[in-house]
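Chemist:
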């Protein structure tokens, strides 16, 4: 049946709309806006995680290697092992193992600390930076493809709204 001129067109439906159609009759007290937002965020997070894992693998990295290079790059390409351990929330032995593997692959170097010669600094090599950047670009392209449908103002609003939600979550502790 054609739509009348005074009717709004039916918005496109996504997977979550079908999910809501199934659950609203079963759980009449379900808030469709909360359920819709949480389900969409969860599905988007899983999708981006799969893209990240595939992008990392495509460039010969394991997820934990990428994560370590990412943290190191975020610290300007050099950090103490204790800083990496704290950022990655790992035991010291786990960081040591990661760094040994990355050093063998030529992605990081251990250099004497400029502050305390009994310690070492970890330095991201050009090869490590290139491997990290290539894998990161895969994820970045997908994020831009998905969020590029939003205007700059819509992206800012989305980010602001998610910050508001995260502040509540973070104030309760992990």
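Numbering (the UniProt record's numbering), first residue to last: 1 to 174.
The beta carbon of each residue, even a glycine, is placed where N, CA and C say it ideally should be.
So what's residue 105 in DSSP terms, helix, strand or just coil?
Modeler: In this structure, residue 105 counts as coil in the three-state DSSP scheme.
Chemist: With a threshold of 8 Å on Cβ separation, who are the neighbours of residue 43 within its own chain once the five nearest residues in sequence on each side are excluded?
Modeler: Contacts found: 15 and 16.
Chemist: In chain order, what residues of the same chain have a beta carbon less than 7 Å from the beta carbon of residue 36, not counting five sequence neighbours either side?
Modeler: Taken in chain order, the residues that qualify are 16 and 20.
Chemist: Would you tell me roughly how many angstroms separate the C-alpha atoms of residue 125 and residue 86, rounded to the nearest one?
Modeler: C-alpha separation (whole angstroms): 21 Å.
Chemist: Judging by CA-CA distance, which residue of 25, 68 and 12 is the nearest neighbour of residue 135?
Modeler: Considering only alpha carbons, the answer is 68.
Chemist: Okay, do the region 46-66 and the region 135-154 touch, 3+ Cβ pairs below 8 Å being the bar?
Modeler: Yes, they touch.
Chemist: Kindly list the residues whose CB is nearer than 8 Å to the CB of residue 70, restricted to its own chain and excluding five residues on each side of it in sequence; keep chain order.
Modeler: So the list reads 132 and 136, once near-sequence residues are dropped.
Chemist: Quick check on DSSP: helix, strand or coil for residue 112?
Modeler: Strand, per DSSP.
Chemist: Start and end of the beta strand (DSSP E) containing residue 124?
Modeler: Residues 120-124.
Chemist: Residue 90 and residue 122: beta carbons closer than 8 Å?
Modeler: No; because the gap between Cβ atoms is not below 8 Å, this pair is not in contact.
Chemist: Can you name, in chain order, every residue of its own chain whose Cβ lies under 7 Å from the Cβ of residue 147, other than the five neighbours on each side?
Modeler: Hits under 7 Å: 155.
Chemist: On the DSSP bridge assignment, give the partners of residue 37 in chain order.
Modeler: Bridge partners of residue 37: none, in fact.
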